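Before any comments, here is the structure.
Residue numbers (this note's numbering): -17 to 452.
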């Protein structure tokens, strides 16, 4: 492996095992630009051309900190599906307990379904509905996978997955607006938990466009089984709703695809429950993302996670509004001009150097980096710098509006936003159903203003919108 292809931080001790498992010599090892850490390894195994493998690593397991939805559990499920079903998945070449590394096959295809013709989108989505119906037809009592529990009650079909993301380490993070929304969302899910389930099925848990590969109008592999579990089939309908938001592939209307799925799976669509699980998926993201952005690992895609958090916050509010038949309310927005520099390059009205730093990263550093992940880190840092500039200029106004909104809901004036947020968190266990719509409107306004501040980090999702489902 030459100097230009050495990994930035992949554990060197795992490399001999990778060479042994793949039967060759490592030529290249490259960090991939995705939210969840992954690497591409190219190996000379004596074949006519070098062979590529896909590496996943779970640093928490390697550090002796296993968690409910870790890579070891996911790897066991993929092996089962590959060996026992017709569901297309990647192949597992090997798993290493010591280094918590999985070697997976690279399957043909691409993931960006939103970038192909409407005709191909339709064909691929119909094929995926067939796959989802097959997955939901498996006998969960006969699968017998370790660490996959069958929910004992209809309520536990929802609550077990909430418990799975309830990491006590999140409670040690500073409280911000996303923390407040996540805590409210969790309370809301408890208030509205479904009391019936038609069938207990195997769920992918984060299913839909972007989490499968396709080629020539067909799905070639369903990938990313991290959140797989047993649950209500309407949860995967809600998950699909979220995935189609981020990777629009249904032409704006999920209805014909869900009808095809329900006919093949023999399952009845419960639209209100599907909306509940749409909220469920988004609340879990809102609830856990602060752990990735408040105290992030330097190797992580911080800029991507920050933007993703802001988009999940606003979309969660939209989904809550959908459940309650609420349109987005009118609330006070931030007065941010299109050109915050007033035509003056290099610094804003306060003489800060955010713009200059961004341009140095974008023009002077990123073009000189030949490693894709390093270049994206530099561009991400530029986006964060532009966000910090907007936060510096307009953050106080956003904080003031959030502060006054909490005071109005609680009927108490608090000395600071920090104190108001903490008081709101304390009151959540006593929140009544009658208070929910008022809180949703407040959180919606906070999330919309945060989207204004985060514009440099959320622009990539500007075309996204929730599709209809009737």
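Think of the CB as a built atom: it goes at the ideal place given N, C-alpha and C, for glycine as much as any other residue. As the structure is a computational prediction, the values presented were derived from the model and not from experiment.
Limits of the alpha helix (DSSP H) - the one that residue 402 falls within: 399 to 409
Own chain residues within Cβ distance below 6 Å of residue -1, not counting five before or after: 78
Rounded separation between residue 115 and residue 291 - CA only: Each residue's Cα considered, the two are about 30 Å apart.
Buried or exposed by the 16-neighbour rule on C-beta atoms within 10 Å, applied to residue 66: By the Cβ neighbour-count rule, residue 66 is exposed, with fewer than 16 other Cβ atoms within 10 Å of its own.
Which listed residue (300, 363 and 450) has its alpha carbon closest to that of residue 421: If you compare the alpha carbons of 300, 363 and 450 with that of residue 421, the shortest gap goes to 300.
Exposure of residue 445, with buried meaning 16 or more beta-carbon neighbours within 10 Å: exposed
Reduced DSSP secondary structure (H/G/I, E/B, other) of residue 13: strand
Residue 33 to residue 347 span [Cα, whole Å]: 32 Å
Which listed residue (44, 2 and 26) has its alpha carbon closest to that of residue -8: Closest in alpha carbon position to residue -8, among 44, 2 and 26, is 44.
Residue 432 - containing alpha helix (DSSP H), residue span: For residue 432, the enclosing alpha helix (DSSP H) covers residues 418 to 435.
Sequence-distant residues of the same chain with beta carbon closer than 8 Å to residue 410, five excluded per side: 165, 166 and 169
Any non-hydrogen atom of the ligand ZN within 7 Å of residue 414 CB: What this structure holds is no ligand at all, so the ligand ZN is not there to describe.
Neighbour-count burial assignment, residue 117, 16 or more Cβ in a 10 Å radius: buried
Proximity of residue 229 and residue 187 at Cβ, strictly below 8 Å: no
Residue of 181, 263, 226 and 123 minimising C-alpha distance to residue 141: If you compare the alpha carbons of 181, 263, 226 and 123 with that of residue 141, the shortest gap goes to 263.
Residue range of the beta strand (DSSP E) that includes residue 97: Secondary structure note for residue 97: it is in no beta strand (DSSP E), with a DSSP letter that is neither H nor E.
Simplified DSSP state of residue 445, which is helix, strand or coil: coil
Buried/exposed call for residue 255, threshold 16 Cβ in 10 Å: buried
Beta-carbon proximity check, residue 435 vs residue 390, cutoff 8 Å: no
Exposure of residue 364, with buried meaning 16 or more beta-carbon neighbours within 10 Å: By the neighbour-count definition (other C-beta atoms within 10 Å, threshold 16), residue 364 is a buried residue.
Residue from 430, 180, 42 and 199 whose Cα sits closest to the Cα of residue 94: 199
Chain-order list of residues whose beta-carbon lies under 6 Å from that of residue 214 (same chain, five-residue window excluded): 139 and 179
Beta-carbon spacing of residue 429, residue 296 below 8 Å: Yes, Cβ-Cβ distance for residue 429 and residue 296 is below 8 Å.
Sequence ranges, alpha helix (DSSP H) only - wholly within the region 6 to 89, length at least 4: 41 to 44 and 53 to 66
Helix, strand or coil at residue 360 according to DSSP, with G and I counted as helix: helix
Extent of the continuous alpha helix (DSSP H) to which residue 208 belongs: Unbroken run through residue 208: none, as it is neither H nor E.
Distance between residue 4 and residue 70 (C-alpha atoms, nearest Å): 22 Å
Exposed unless 16 or more other CB atoms sit within 10 angstroms - verdict on residue 371: buried
Cβ neighbour criterion (16 or more within 10 Å) applied to residue 367: The residue is buried, with at least 16 neighbouring Cβ atoms inside 10 Å.
Expected contact under 8 Å - CB spacing of residue 449 and residue 206 to nearest Å: With a Cβ gap of about 21 Å, residue 449 and residue 206 do not count as contacting.
Neighbourhood of residue 250 by C-beta, 8 Å cutoff - its chain only, sequence neighbours within 5 removed: 180 and 244
Other residues of its chain near residue 52: CB distance less than 6 Å, five sequence neighbours each side excluded: Closer than 6 Å at the Cβ level, and outside the excluded window around residue 52, lie 40 and 43.
Separation of residue 357 from residue 349, as counted between CA atoms: Rounded to the nearest angstrom, the two C-alpha atoms are 7 Å apart.
8 Å contact criterion, which residue 162 and residue 407 should meet: CB distance rounded: 7 Å
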